[in-house]
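There are 2 protein chains.
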Amino acid sequence: MDAIKEVQAPFEMGVVVPKRVRDQIGVGYGHDCVELLVAEFHKVGLIVDRVAGLHDEFLKLAAPVDILGKAAAELQLKKRTHIGVDIQFEWDEAEAFIRQADGSFFSWCERFRCYSHMIYGIVNKSESAIILKSNCRDVRWEPGEPLVWKLESEAIVKEVFPLHDERKRKQLLKRWALNWWDLTNQPIDEIYAYYGTKIATYFAFLGMYTKWLFFPAAFGLLLQLVDFGSLQLLVLPFFFICIISWAVFFFQFWKRRNSTLLARWQISYSVGAESAYKYMDTEWSSFHSSVGLVKKWADGKAREKENFQREEWFGRMMRFRNDAIIILSIICLQLPFELAYAHLYESIGSDIMKFGLTAIYLFAIQYFTQFGGKVSVKLIKDEQNENSEYRANSLVYKVFGLYFMQSYIGILYHAILHRNFRTLRQVLIQRLIISEVLENLMENSLPYIKYSYRKYRAVRNKRKREKGPTARKSYFTSRVEKEYFKPIYSASVGKELEDGLFDEFLELALQFGMIMMFACAFPPAFAFAALSNVAEIRADALKILAMYRRPVPRVAATIGAWLNIFQFLIVVSICTNCVLLACLYDREGNWDISPGLAAILIMEHVLLLIKFGFSRIVPEEPDWVKANRMKNATQAQNMCSKQLLRNISGGRGAFVTGTHKAD
Amino acid sequence: MDAIKEVQAPFEMGVVVPKRVRDQIGVGYGHDCVELLVAEFHKVGLIVDRVAGLHDEFLKLAAPVDILGKAAAELQLKKRTHIGVDIQFEWDEAEAFIRQADGSFFSWCERFRCYSHMIYGIVNKSESAIILKSNCRDVRWEPGEPLVWKLESEAIVKEVFPLHDERKRKQLLKRWALNWWDLTNQPIDEIYAYYGTKIATYFAFLGMYTKWLFFPAAFGLLLQLVDFGSLQLLVLPFFFICIISWAVFFFQFWKRRNSTLLARWQISYSVGAESAYKYMDTEWSSFHSSVGLVKKWADGKAREKENFQREEWFGRMMRFRNDAIIILSIICLQLPFELAYAHLYESIGSDIMKFGLTAIYLFAIQYFTQFGGKVSVKLIKDEQNENSEYRANSLVYKVFGLYFMQSYIGILYHAILHRNFRTLRQVLIQRLIISEVLENLMENSLPYIKYSYRKYRAVRNKRKREKGPTARKSYFTSRVEKEYFKPIYSASVGKELEDGLFDEFLELALQFGMIMMFACAFPPAFAFAALSNVAEIRADALKILAMYRRPVPRVAATIGAWLNIFQFLIVVSICTNCVLLACLYDREGNWDISPGLAAILIMEHVLLLIKFGFSRIVPEEPDWVKANRMKNATQAQNMCSKQLLRNISGGRGAFVTGTHKAD
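First to last, the protein sequences are chains Z and D. With the first sequence counted from 1, adding 325 to any position gets you the numbering used here. With the second sequence counted from 1, adding 325 to any position gets you the numbering used here.
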């Protein structure tokens with residue numbers, strides 16, 4: 326058993342409590358709030374390190390592996406065993422379970438769940454309420470009430486947040502964020518060990534996408550630089566077909582890579598946007614064993630079945646209604662607005678007016694998007710989605726709808742109605758350069774500004790209270806307080822549903838749409854995108870390592886709804902590129918189906934066929950992953966089928982003979 | 326245990342052996358072949374009934390349930406238990422397993438597998454070869470050799486085939502085949518009990534399809550009979566949109582119905598063309614536990630992985646090559662042929678010439694299709710498909726490609742190039758009426774003619790040999806001999822890969838394509854189809870009950886590849902209908918994109934969107950089925966997770982400490 330214990334557990338969770346003001350604590354009745362909390366933490370088995378900050382006190386928590394193991398067993402956590410199936414964890418049988426690649430026993434995601442369970446699982450086990458004293462007030466801790474919830478609701482525990490592990494963070498900084506010469510290579514396994522599946526999946530996707538982008542980037546540049554003369558008319562459609570095939574293949578290979586990664590990380594999760602959730606729960610190993618559903622399903626009675634069906638359809642109708650609301654409001658409210666802006670921009674002559682118009686537009690669109698995001702979040706809360714990942718995906722679709730309209734409609738307007746390819750290219754370059762450069766700058770500076778401001782305010786307040794420039798140096802000894810001042814890694818819309826990856830994926834998807842949908846109008850866009858993505862990898866790494874607090878790990882192990890969005894963008898880009906080609910070749914604007922136009926129409930249909938046909942050529946899951954999984958399932962089954970059988974027939978024997986007697 | 330035994334086991338298998346010619350059997354060395362076979366059958370526990378026929382002797386076999394149970398345990402058959410998971414069958418724990426809806430212990434499919442196992446499992450257990458004597462020759466039965474294989478290869482056992490259960494057959498005839506007034510209702514559960522999943526699934530699909538067809542049939546007739554005046558131009562596109570939505574919804578609801586049926590029949594099998602095979606094996610319960618793959622996968626070594634990947638890609642390339650061959654040969658050989666016929670038909674004036682041309686065409690196409698089918702079968706045999714259902718699907722796709730070209734290209738030619746809507750409608754009516762009526766007649770009369778011919782020949786031979794009109798009445802006392810004369814229910818292409826359902830599905834798919842692809846040109850086609858399908862249900866039932874031998878049951882529990890073909894036809898029909906509409910509204914043939922044509926193009930894209938979007942609205946699997954499955958999995962897991970854990974850590978404890986010491 327000792328074999329499993331690790332040398333020294335790092336502090337991985339922080340709890341912020343108010344600093345004790347000495348003279349206000351009376352003697353006599355009641356317990357001091359913070360002291361009790363620390364004592365309770367000790368009782369659970371956590372190692373507590375108390376650090377005094379400017380205004381607050383920080384409790385740094387660490388847990389030895391055996392304490393984590395006990396919590397995991399209480400949580401009934403499922404964990405991969407040596408035979409490859411996931412079984413409920415039990416500390417006594419710890420040898421049966423596989424260790425992580427870096428030698429630790431639990432993954433970061435599992436550790437986080439255990440920590441949360443321990444921290445929020447402290448309840449008042451005595452029979453009477455306990456009076457807790459904070460600096461200036463008393464709190465009644467009722468029997469059976471969880472302590473940390475109570476203190477959080479009384480604003481005594483200000484925050485509970487995961488802490489960076491300084492040693493590993495530095496290592497990652499050196500080997501990942503500052504390692505510019507690796508271009509698209511990243512230490513994905515280390516990222517997984519430190520941040521969990523979701524963030525590692527994002528970076529794996531970003532790396533692979535960027536690597537694949539080099540091909541169309543080179544092709545696009547070639548098209549821009551070389552003059553093909555009379556062949557020009559044939560080169561562009563060829564480029565178009567190559568790009569679409571490239572995109573289709575990329576996403577199929579990404580699915581394969583994703584399942585390979587999951588197999589390496591020993592996570593059971595089927596890849597493929599839809600199947601991910603559908604089959605997840607049916608397998609041996611399910612992360613969330615949707616207990617709600619199971620409980621409701623008492624026995625195979627017809628009435629139960631009807632209830633089930635009614636609920637299912639009601640939920641579906643609700644979701645449909647919400648989607649309809651969003652789609653209609655996008656079409657009825659946002660579309661006219663975007664078109665009006667594009668039209669005004671086209672018709673206004675003076676540059677100053679254009680500038681003013683754009684300023685007004687940007688201001689309005691900011692407001693609009695914020696509002697739309699809020700409405701979406703509100704709508705989604707009504708939906709009875711089965712789990713939080715479903716809900717997050719639902720939000721992703723809705724918000725992306727807004728951004729889709731906002732990003733592309735104006736450009737399409739320039740392209741199709743006015744056939745103004747110069748403006749189109751201008752707008753594309755603007756968007757690509759400005760959005761990439763500015764957004765990267767913003768993304769990296771904004772959290773730093775936030776952090777600096779919070780730090781500055783804290784120091785000012787402190788100084789104000791202490792009235793005098795005393796011991797300025799002692800202010801920032803504690804790293805944990807610095808981390809507390811850093812902003813949370815969260816999405817710009819709906820903080821509670823999505824983390825900062827939402828913004829990253831949105832940026833990627835909008836970029837992908839921009840370069841794909843207008844590929845024929847501006848082939849070198851791919852090169853811009855490739856360059857900016859190489860920068861994006863390191864910038865994002867730096868941001869997540871240095872600018873933000875350590876994010877809360879999430880279970881999602883695929884890119885989820887974004888995969889569908891990318892697929893959707895491919896289909897849309899087939900259509901838009903056909904329109905663009907038609908416009909390019911049909912300059913007179915009389916829209917007659919000359920052989921050329923007919924050829925484009927045929928090409929569109931062939932490409933759509935390719936899109937839906939080719940995805941069948943590349944299987945989503947490598948055979949060896951599948952074979953491995955099957956081997957595991959068979960092994961587990963053989964191991965315990967006899968045992969299981971005896972259990973069933975033992976319980977059921979009476980039943981069978983009973984019914985027979987009744988006959 | 327006695328509770329499980331059934332009153333009287335029906336005879337369900339027949340073995341055909343030559344009749345004994347009394348005077349040719351000498352006394353002395355060796356055993357009589359048939360006698361030994363019967364003795365061996367008795368030894369296994371089978372009940373044998375010997376019936377003398379005209380030329381042959383028939384051994385009718387029946388097995389009591391305990392004998393079947395022992396065979397099932399030997400086969401390691403997986404069977405659904407009371408807690409809902411499928412576990413390897415063991416006779417001692419028989420109470421743990423669920424009975425069929427009709428009270429029998431094994432389903433027909435399971436019984437058939439057990440019978441086959443018992444019949445073909447008889448081997449020579451002695452140490453020396455046994456000399457068997459048939460009528461006029463001797464056979465050496467070597468040690469360890471299966472008896473029936475041997476006798477089959479020596480043509481002594483002529484055939485082994487499943488027998489009809491007369492009582493149940495009569496019941497089904499009355500309640501199903503002759504019950505015309507039920508229209509689309511059929512006793513699906515009884516069909517399942519008698520024929521197994523695949524045939525029951527076909528009839529469930531046919532029934533549901535016909536029922537759903539009534540709506541477009543009514544709509545189509547309305548369009549034909551009522552004159553909408555100036556609204557005519559709007560009614561047709563509206564009809565088109567309704568039809569496409571109808572088709573999309575129908576197939577989604579069919580998937581739901583399929584999973585409901587499988588849940589009712591206690592079969593674990595995910596619905597959905599792709600997922601069916603992909604996830605089937607990952608679950609607790611897999612019909613074929615692809616042992617090959619598992620065996621090859623020794624341990625997670627990198628070299629193994631590479632081998633796997635190489636094999637995977639090689640297999641995929643082979644399949645891709647085969648598909649390319651088929652597609653290219655269809656395009657390069659069949660397409661010109663079809664176009665030539667259509668063109669000649671269009672350009673020839675005289676009716677006699679047309680008739681002659683059609684005769685030649687029909688003759689040639691018959692030959693062509695046969696040839697194509699044979700090539701496909703040959704190609705598929707090269708492919709290393711993982712299981713027989715995969716292989717069958719591969720054949721389905723290839724053969725359907727041939728028929729698709731053959732059925733629709735000519736019609737499209739008339740419609741698009743010549744805009745000859747009169748010919749189009751004529752051809753449609755011809756095909757619908759002639760194909761339905763004639764094919765039904767053919768289908769039902771051909772097996773009867775075959776049967777009659779075989780019977781006639783047998784009687785003639787008999788009479789010839791006996792030289793004289795002796796006891797004519799005694800010829801046909803045995804029902805089993807009549808059944809032996811009936812033809813096998815097999816496909817017209819590739820007997821070894823598919824059964825007769827291939828032809829039925831092909832007919833349905835071609836009909837579906839015909840009515841969908843030309844819906845706008847001829848709306849009342851739906852009414853034709855609905856009528857002919859109502860007749861088809863009963864005709865097929867009659868055929869399968871009375872005209873053919875009882876089919877060998879198959880495991881496939883979905884409509885498999887056909888689902889994809891139907892979906893493909895929907896997509897194609899979106900495109901063709903758009904073209905038809907464009908032709909209808911653009912009579913002048915100058916092909917300019919007037920607002921009307923642009924509207925049609927937009928409509929096409931919207932409909933394609935609907936096609937791929939709407940399938941997300943209706944989930945493939947009802948929630949209650951999913952919840953049930955999850956409950957079962959959870960239950961099974963909880964029951965044996967501790968046991969499993971102990972097994973693993975018991976075996977692995979040494980390993981873990983060993984590696985630790987090495988550190």
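A virtual CB, placed ideally from N, CA and C, is assigned to each residue, including glycine. What you are looking at is a predicted structure, and each value in this text was computed from that prediction instead of being measured.
Endpoints, the beta strand (DSSP E) within which residue i is located
{"i": "M338(D)", "result": "M338 to P343"}
{"i": "R465(Z)", "result": "D463 to W466"}
{"i": "F486(Z)", "result": "E484 to P487"}
{"i": "L457(D)", "result": "I455 to K458"}
Option nearest residue i by Cα separation, candidates the options
{"i": "I392(Z)", "options": "V376(Z), F431(Z) and L664(Z)", "result": "F431(Z)"}
{"i": "D381(D)", "options": "A454(D), L753(D) and I481(D)", "result": "I481(D)"}
{"i": "V373(D)", "options": "F336(D), F893(D) and I895(D)", "result": "F336(D)"}
{"i": "W466(Z)", "options": "S654(Z), Y692(Z), L361(Z) and R750(Z)", "result": "L361(Z)"}
{"i": "S817(Z)", "options": "C908(Z), S453(Z), P772(Z) and A850(Z)", "result": "P772(Z)"}
{"i": "V752(Z)", "options": "P562(Z), E365(Z) and Y738(Z)", "result": "Y738(Z)"}
{"i": "Q634(D)", "options": "K679(Z), G825(Z) and R581(Z)", "result": "R581(Z)"}
{"i": "I685(D)", "options": "F696(D), P541(D), Y670(D) and L856(D)", "result": "Y670(D)"}
{"i": "A665(D)", "options": "K493(D), K723(D) and G735(D)", "result": "G735(D)"}
{"i": "R494(Z)", "options": "H668(Z), A518(Z), W505(Z) and F544(Z)", "result": "A518(Z)"}
{"i": "C434(Z)", "options": "G378(Z), C657(Z), V931(Z) and K404(Z)", "result": "K404(Z)"}
{"i": "S451(Z)", "options": "R436(Z), F437(Z), M443(Z) and P471(Z)", "result": "P471(Z)"}
{"i": "L888(Z)", "options": "Y722(Z), P848(Z), Y781(Z) and R747(Z)", "result": "Y722(Z)"}
{"i": "Y814(D)", "options": "L835(D), R790(D), L867(D) and Q413(D)", "result": "L867(D)"}
{"i": "A850(D)", "options": "E861(D), Q836(D), I741(D) and A860(D)", "result": "Q836(D)"}
{"i": "Q731(Z)", "options": "Q496(Z), Q659(Z), Q755(Z) and M767(Z)", "result": "Q659(Z)"}
Residue burial classification, residue i (beta-carbon count within 10 angstroms, cutoff 16)
{"i": "V340(Z)", "result": "buried"}
{"i": "G674(Z)", "result": "exposed"}
{"i": "F639(D)", "result": "exposed"}
{"i": "D824(Z)", "result": "buried"}
{"i": "H367(Z)", "result": "exposed"}
{"i": "D865(D)", "result": "buried"}
{"i": "S584(D)", "result": "buried"}
{"i": "P541(Z)", "result": "buried"}
{"i": "V473(D)", "result": "buried"}
{"i": "T683(Z)", "result": "exposed"}
Beta-ladder partner(s) of residue i, from DSSP
{"i": "S815(Z)", "result": "D824(Z)"}
{"i": "E631(D)", "result": "Its beta-bridge partners do not exist; DSSP assigns none."}
{"i": "E382(Z)", "result": "V342(Z) and A377(Z)"}
{"i": "Q413(Z)", "result": "K403(Z)"}
{"i": "I372(Z)", "result": "A387(Z)"}
{"i": "F576(Z)", "result": "Its beta-bridge partners do not exist; DSSP assigns none."}
First through last residue of the alpha helix (DSSP H) which encompasses residue i
{"i": "Q695(D)", "result": "D676 to D707"}
{"i": "G446(Z)", "result": "No alpha helix (DSSP H) holds G446(Z); DSSP gives it neither H nor E."}
{"i": "R908(Z)", "result": "Checking the sequence shown, residue 908(Z) turns out to be Cys, not Arg. First-last of the alpha helix (DSSP H) with C908(Z): A886 to Y910."}
With contact counted as at least three CB pairs below 8 Å, one residue from each stretch, are the segment 895–914 of chain D and the segment 544–557 of chain D in contact?
Result no; under three Cβ-Cβ pairs closer than 8 Å.
Do the segment 763–782 of chain Z and the segment 806–816 of chain Z meet, that is, are 3 or more Cβ pairs less than 8 Å apart?
Verdict: yes, contact present.
Evaluate the contact criterion for the segment 447–467 of chain Z versus the segment 404–424 of chain Z: three or more CB pairs, one atom per stretch, below 8 Å.
With the cut-off at 8 Å, the segment 447–467 of chain Z and the segment 404–424 of chain Z do not touch.
Evaluate contact between the segment 542–549 of chain Z and the segment 871–880 of chain Z, counting only Cβ atoms and requiring at least three cross-stretch pairs below 8 Å.
Proximity of the segment 542–549 of chain Z to the segment 871–880 of chain Z falls short of the contact definition, fewer than three beta-carbon pairs being nearer than 8 Å.
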